[in-house]
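Encoded as structure tokens, the structure appears first; notes follow it.
Number of protein chains: 2
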Amino acid sequence: MQVTPELLSRFTLLKPLPRQVLEGLAPHASLVRHARREVVVRAGVREDRVCFLFEGRLQGVGHTIDGREVGLYFIEPGDFCGELALFDDNPQPEFVIATAAATVVFLARNPLREVMLNSSSVSNIVGRKLAERVRQMTEQRTLLGLSNIDQRVCGQLYLLIKGGQRQGESGEIVNPPTHQEIAIMLNISRERVTRAFQALQSRRIVRRDGPGRLVIIDLNSLRRFARGEEEL
Amino acid sequence: MQVTPELLSRFTLLKPLPRQVLEGLAPHASLVRHARREVVVRAGVREDRVCFLFEGRLQGVGHTIDGREVGLYFIEPGDFCGELALFDDNPQPEFVIATAAATVVFLARNPLREVMLNSSSVSNIVGRKLAERVRQMTEQRTLLGLSNIDQRVCGQLYLLIKGGQRQGESGEIVNPPTHQEIAIMLNISRERVTRAFQALQSRRIVRRDGPGRLVIIDLNSLRRFARGEEEL
DNA sequence: AATTGCTTGTGACTCTGGTCACGTCAATTT
DNA sequence: AAATTGACGTGACCAGAGTCACAAGCAATT
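Sequences listed follow chains A and B, in order.
410 is the number of the first residue of the first sequence in this note's numbering; add one for each residue after it.
410 is the number of the first residue of the second sequence in this note's numbering; add one for each residue after it.
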């Protein structure tokens, strides 16, 4: 499906680009819908495109040698993935899967790379994004260091709350990941995630609101549990 | 201590730079020796320099909220760290500590950034390195997905063997990390690492050779254990 | 309305890995 | 040489996480 320059400018990475550049990129972009559970980016393949998420949620997943799934990161709308292809020709290290029905824009790698090289402001933006990715991975890895598993779950939920809401007393997570998806992020079993959620729900700290919405009733308590100041 | 352009050119990142550029950078570089256990780069601080490792070994470590140490990556001679400062002004997310007496070259951030922006070939190199870092972190994270802990240890040892030796039937690790340092990389206890090593040593798969050298006697077996094809 | 498929919920059992409390050993300092 | 320090080694105990098995809930489809 065709993509307009306007659509491209909805992404934070591309927004600062001049209109003219966006018009040059648009013909190399295509809009694709992915059903839940579909593979969006393949591991081990030299991808020739970068994937921008318009709506839905994606998850980067790796695989251990014995076939177990490992959750690496979540991608929220407006963000992108597969950006390693912009820097070298090595294959993608991980799969990216749609954890909710997703609309993505694939943008051919080479034109974007050109834009990146010719405009230092663009390569700055891409570089900053990659740096941010490293910080995000570091933060996620640090979560795994917590010995108390309930802490990990609370910490993960906290990371899933959109930045703007983190100040308030309550928040929400739209299209929350399944317990299984959280489990592989935190290196724990699905059942253990369920039990952690049970504890949080019985204490009125979180509440499910239909299939696609998780309400964080008491954000302060969630923070305290994540910090280990209080135990579940 | 003063640094010569020749010294700078010993680092893979800087090697491709023209002599003239290296001469411009040298005045902004300084050579520092760090004793074992010393902090080389601080977390939470806006570092204004990038750290190149000349000899020794460094380890990036994070801290959980409850103070537990988390091992993130090892830095080998010729490699560098603190490169996020080149991309944005946000603080360093992790500490970097010398796990063996180390000689490092600090290179001021801004001059290097200038070089990077003016030469697309240099920004390519830096970008490739950052992409490589992401791959490395992904690989390390995937190790943690292994349910069998002995597998993790074997996998970690395998990663510690320098690339060139991985083909052969045997190998070595110079200045191997302590059990504690491995433990925090793999999210397990120091004692558990010791027990894994006991098992490997009693099966004549690895052997300590003095304080600073670990010999991998049977690399094929190590690989099999890492893959879970055989159990310790 | 029934079926299918996926997610969540829950109990029981097992067993691994963390923790604690030591002891040993080698290297370095005093 | 004695003392100190830090790394490594080892046993015993036990909380807690994984696993298995199955039930229940919910959506989408037939």
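No residue lacks a Cβ here, since even glycine has one placed at the ideal position from N, Cα and C.
Computed from a predicted model, the values in this text were never measured in an experiment.
Legend entry - Close Cβ partners of A:PHE463 (< 7 Å) along its chain, the five nearest in sequence each way excluded: PRO486, THR512, VAL513 and VAL514
Legend entry - B:GLN576, DSSP secondary structure in three states: coil
Inset, instruction - Jot down the residue ranges of each uninterrupted beta strand (DSSP E) in the region 486-546 of chain B, minimum 3 residues, whole runs only, in chain order. - result: 504-517
Legend entry - Complete beta strand (DSSP E) runs within the region 423-468 of chain B (minimum length 3 residues, chain order): 438-443 and 448-450
Inset, instruction - Locate the alpha helix (DSSP H) running through A:ILE625, then write down its first and last residues. - result: Premise fails: A:ILE625 lies in the beta strand (DSSP E), 622-625, not in any alpha helix (DSSP H).
Inset, instruction - Output yes if chain B places a C-beta closer than 7 Å to the C-beta of A:ILE474; else output no. - result: yes
Inset, instruction - Under 7 Å between beta-carbons, which chain A residues line up against B:ASP497? List them in chain order, please. - result: ARG537 and ALA540
Inset, instruction - Enumerate in chain order the residues of its own chain whose CB-to-CB distance from A:ASN399 is below 8 Å, with the five nearest sequence positions on each side excluded. - result: Examination of residue 399 of chain A is not possible in this model, given that chain A is present from 410 through 641 alone.
Inset, instruction - State buried or exposed for B:PRO502, treating a residue as buried only when at least 16 other CB atoms are found within 10 Å of its CB. - result: buried
Legend entry - Of the residues A:ASN557, A:ASP497, A:ARG518 and A:ALA438, the one placed nearest A:GLY637, counting alpha carbons only: A:ASN557
Inset, instruction - Determine the burial state of A:ARG542: buried for a count of at least 16 other Cβ atoms within 10 Å of its Cβ, exposed for fewer. - result: buried
Inset, instruction - Report yes if the C-beta distance between A:VAL448 and A:CYS460 is below 7 Å; otherwise report no. - result: no
Legend entry - Chain-ordered chain B contacts of A:SER532 [CB-CB under 7 Å]: SER532
Inset, instruction - Verify the CB distance criterion: does B:ARG477 have a CB-CB separation below 7 Å to chain A? - result: yes
Legend entry - Any 3 or more C-beta pairs closer than 8 Å across the region 420-431 of chain B and the region 597-616 of chain A: no
Legend entry - Three or more C-beta pairs below 8 Å linking the region 564-579 of chain B and the region 517-527 of chain A: no
Inset, instruction - Please find out if some non-hydrogen atom of the ligand ZN comes closer than 6 Å to the beta-carbon of B:ASN499. - result: Because no ligand of any kind appears in the structure shown, any question about the ligand ZN cannot be addressed here.
Legend entry - Within chain A, the residues that B:VAL543 reaches when beta carbons sit closer than 8 Å: LEU493, PRO502, LEU539, ARG542, VAL543 and MET546
Inset, instruction - Please confirm whether B:ARG599 and B:GLN589 have their CB atoms less than 7 Å apart. - result: yes
Legend entry - Three-way DSSP call (helix, strand, coil) for B:GLY564 in this model: helix
Legend entry - Beta carbon proximity, B:LEU516 to chain A, threshold 7 Å: no
Legend entry - Under 7 Å between C-beta atoms of B:SER579 and B:ILE626: yes
Legend entry - Cβ pair A:VAL624, A:ARG632 closer than 7 Å: no
Legend entry - Nearest to A:ASP457 (by Cα), restricted to the options A:ARG544, A:ARG601, A:ILE591 and A:CYS490: A:CYS490
Legend entry - chain A contact residues for B:LEU568, given Cβ-Cβ distances below 8 Å: Within 8 Å Cβ-Cβ: nothing; B:LEU568 doesn't reach chain A, min ~13 Å.
Inset, instruction - Go ahead and label A:ASN629 buried or exposed: buried means 16 or more other beta carbons lie within 10 angstroms of its beta carbon, across all protein chains shown. - result: exposed
Inset, instruction - From the DSSP output, in three-state form, read off A:PHE606 for me. - result: helix
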